[in-house]
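Residue numbers (mature numbering (1 follows the signal peptide of the UniProt record, and there is no 0)): -23 to -1, 1 to 427.
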């Protein structure tokens, strides 16, 4: 996942709040919110550092007021009687309410997209994923049973194998935070030990020579690349306290734990490529991670847009790293969210990596949902989580009604070139709310190293 972070970095630098603050701001919840809530109150509630009367204040106030209008109009639909309800989720003000969608902490670089955007009109739509660097790719470790035989409710938080929600800040490191959260859970499931592992290790140390999901570090990458790196002999993961997060404001940082040397992330990409016998990333890497406490044997991928396999995977194996279209998510507060995929655009543009933690059915509405962990701090959404509408395509007259087309696959999971130098497809078919069915990745064989 790529990231264009210059604007949000500037906003973070002027914010008075500490980067990892978890105290909920005193802003009104969605059911108490009305048009009397002012930008001045918002600045105070969320400890924004804007100077009154400045151009920045004026611009942010305009964005905030437009977002507030959107929130209030949307919530009139949510807070009606359940039988008349036309939307399944409420919107609210949060620390992102003064940002445009293009400024959200996702994971992609819009400046690199135009040449790859699909042209208007009829274009071939791919339904598959082309990968490289799959040395540690494994088969799925389970048989696929009918969905009807699976539990009706799964929430891996209830098993004590999920750490607290984190905040990626102004770095396009969603891929690293999602990968780390999944690794933490799978190591805990295998060993009984729940580590707080280091996203910074992945941001600073993982090479991405083919620019899959980005150029690496704060410019984006993928869970597959992260898991492949961790599974490499001599690698593994260190803990957060050993290698704290320093990329909150958008700098990759130097890799200080690989082979007892300090080496920049971009230089590391070239160095590891050379060690592996070229830029294709093949061969072996002799560098070692200092102080690693846990590792995996490899990873498995869920078949593209396969609801039944994803359901089996989350029910049987544990949390899963997934790619989603998150440009609509900023103002989410609670409920079961859904955006029409047939409209394309923000609803189908995969640009963010998150963690699928479970599924269930809302007790009040009867709406089936996916339970998804984000990396936008615990005060966002439902304690840092979002519930997305879950639809079994086998129950639909036309399953394609639950699908759309991502016309910018490079800003999500695609690589600029494959191992043969071929470019990615111009468009890909993505299914499920926010495209959640398109790309799922599971670590295999979590174990301790100490």
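Note that the Cβ used here is the ideal one computed from N, Cα and C, for glycine as well.
Residue i vs residue j beta-carbon contact at 8 Å
i, j, result
"residue 224", "residue 148", "yes"
"residue 6", "residue 423", "no"
"residue 130", "residue 394", "no"
"residue 379", "residue 121", "no"
"residue 417", "residue 279", "yes"
"residue 333", "residue 353", "no"
"residue 330", "residue 155", "yes"
"residue 69", "residue 48", "yes"
"residue 327", "residue 407", "yes"
"residue 142", "residue 337", "no"
"residue 19", "residue 74", "yes"
Beta-carbon contacts of residue i that lie in its chain and below 6 Å, excluding the five residues immediately before and after
i, result
"residue 78", "304"
"residue 391", "401"
"residue 377", "none"
"residue 296", "133, 159, 162, 332, 334"
"residue 153", "176, 179, 180"
"residue 316", "305, 324"
"residue 157", "174, 176"
"residue 307", "73, 81"
"residue 261", "Unreliable placement is indicated for residue 261, whose pLDDT of 41 sits below 50; no coordinate value is reported for it."
First through last residue of the beta strand (DSSP E) which encompasses residue i
i, result
"residue 338", "329 to 338"
"residue 40", "Unbroken run through residue 40 is the alpha helix (DSSP H), 32 to 55; no beta strand (DSSP E)."
"residue 406", "405 to 408"
"residue 233", "231 to 235"
"residue 310", "309 to 314"
"residue 148", "No beta strand (DSSP E) holds residue 148; DSSP gives it neither H nor E."
"residue 275", "275 to 279"
"residue 380", "380 to 383"
"residue 374", "First-last for residue 374: undefined, no H or E at that position."
"residue 349", "345 to 350"
"residue 67", "66 to 68"
Residue i versus residue j: straight-line alpha-carbon distance, rounded
i, j, result
"residue 117", "residue 17", "52 Å"
"residue 218", "residue 291", "29 Å"
"residue 206", "residue 34", "43 Å"
"residue 318", "residue 199", "23 Å"
"residue 396", "residue 189", "12 Å"
"residue 409", "residue 111", "26 Å"
"residue 368", "residue 13", "38 Å"
"residue 25", "residue 234", "35 Å"
"residue 30", "residue 22", "18 Å"
"residue 300", "residue 335", "15 Å"
"residue 114", "residue 10", "48 Å"
"residue 256", "residue 43", "Annotation note: pLDDT 36 at residue 256 (below 50); position unreliable, coordinate value reported separately. Answer to the nearest angstrom: the Cα atoms are 47 Å apart."
"residue 166", "residue 46", "44 Å"
"residue 170", "residue 145", "24 Å"
"residue 50", "residue 64", "11 Å"
"residue 168", "residue 140", "15 Å"
"residue 36", "residue 80", "13 Å"
"residue 137", "residue 388", "34 Å"
"residue 76", "residue 123", "43 Å"
"residue 427", "residue 172", "12 Å"
"residue 238", "residue 425", "For residue 238, the predicted structure reports a pLDDT of 38, less than 50, and the residue's modelled location is therefore unreliable. A value from the coordinates is still provided. Computed Cα separation, rounded: 24 Å."
"residue 226", "residue 83", "13 Å"
"residue 209", "residue 191", "21 Å"
"residue 57", "residue 185", "48 Å"
"residue 398", "residue 384", "20 Å"
Cβ-based neighbour list, residue i, same chain, cut-off 7 Å, excluding 5 preceding and 5 following
i, result
"residue 420", "159, 160, 163, 204, 273, 276"
"residue 339", "313, 346"
"residue 67", "7, 52, 55, 310, 311, 312"
"residue 294", "118, 119, 419"
"residue 220", "175, 177, 178, 234"
"residue 183", "193, 198, 202, 203, 206"
"residue 38", "16"
"residue -3", "Legend: pLDDT at residue -3 = 42, less than 50; position of this residue unreliable, value from coordinates given subsequently. Result list for residue -3: empty, nothing under 7 Å."
"residue 128", "292"
Residue span of the alpha helix (DSSP H) that contains residue i, given as start and end
i, result
"residue 415", "Here residue 415 belongs to no alpha helix (DSSP H), and DSSP marks it neither H nor E."
"residue 178", "176 to 182"
"residue 21", "16 to 22"
"residue 166", "151 to 168"
"residue 205", "200 to 208"
"residue 301", "Taken as a continuous stretch (DSSP letters only), residue 301 belongs to no alpha helix (DSSP H), being part of the beta strand (DSSP E) at 297 to 301."
"residue 289", "284 to 293"
Short CB-CB distance (under 8 Å) between residue i and chain C
i, result
"residue 388", "Among the protein chains of the structure shown there is no chain C, as only one such chain exists."
Contacts around residue i, its chain only, beta-carbon distance under 8 Å, and the 5 residues preceding and following it disregarded
i, result
"residue 349", "299, 301, 331, 332, 333, 334, 362, 363, 364, 365, 413"
"residue 373", "379"
Heavy atom of the ligand NAD within 7 Å of residue i beta-carbon
i, result
"residue 115", "Annotation note on the ligand NAD: not contained in the displayed structure, which lists no ligands."
Are three or more beta carbon pairs between the stretch 213 to 231 and the stretch 165 to 181 nearer than 8 Å? yes
Below 8 Å, how does it come out for the stretch 265 to 274 and the stretch 200 to 214: are there three or more Cβ pairs, yes or no? yes
Pairs of beta-carbons, one from the stretch 278 to 286 and one from the stretch 336 to 350, closer than 8 Å: are there three or more? no
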